[in-house]
Every structure is written in structure tokens, then in C-alpha cells.
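Enquirer: Per the numbering used here, residue -3 is the first one in the sequence shown, and the count goes up by one each step.
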Amino acid sequence: MDLIETAKSFAFVSKGIRIRFEKNEIIIHALGDNYAPTISGALLAIGRLEKYLKEKGVRFTAHSRHWNNGKTTDCIRIKIL
-3 MDLIETAKSF
7 AFVSKGIRIR
17 FEKNEIIIHA
27 LGDNYAPTIS
37 GALLAIGRLE
47 KYLKEKGVRF
57 TAHSRHWNNG
67 KTTDCIRIKI
77 L
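#1: Grab the span of the beta strand (DSSP E) containing R55 for me, first residue to last.
#2: Helix or strand or just coil, what does DSSP make of M(-3)?
#3: Which of the three DSSP states, helix, strand or coil, is assigned to K50?
#4: Buried or exposed: which applies to I13, given that a residue is buried once 16 or more other Cβ atoms fall within 10 Å of its Cβ?
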């Protein structure tokens, strides 16, 4: 399973998304001033990646970082267990 290449392919569903990898984490950031379209693209990428990971039997957790008094998400992290 080439998790990095698969995650990269899922991240190209929307412009304004940056994806990076740190050890056992996949981090997806929404970029720019207007986060709404990029977050929806990031969530779509996360949904596809989550389905892929479940099909492969990979255990993981996902969480987001909030700002603007907890109303906006600009970063989603998937941690491979």
C-alpha cells in the first residue's frame, strides 16, 4: 500500500489544499482567505481517504484544528495508529 501517493491523489480534488506527511500523520491544510470551498474539498479528500484506509484495514484517528472561537477549521490531521 502506497499511502502517501494515495493521499496525494485524494488531495487534488480541490485547489487550495496543501497536504504534508509527518512520520505517522497526514496533515491537510486549507489555504487562502476563503476557507469554505477549500475545507469542503479537504473534507471530500478526507472522506475518500478514510474509505480507502478502512478498506485496507488501517487503524487511524482524525481530528481538526479550530480557530475563530472554534467556528472554523483550517487543518485536518489523520494519525495512523
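Ideal Cβ placement from N, Cα and C applies to all residues, glycine included.
Expert: So, to answer that:
#1: Taken as a continuous stretch (DSSP letters only), R55 belongs to no beta strand (DSSP E), as it is neither H nor E.
#2: Low confidence applies here, because M(-3) scores a pLDDT of 48, under 50, leaving its location unreliable and the question unanswered by this model.
#3: helix
#4: buried
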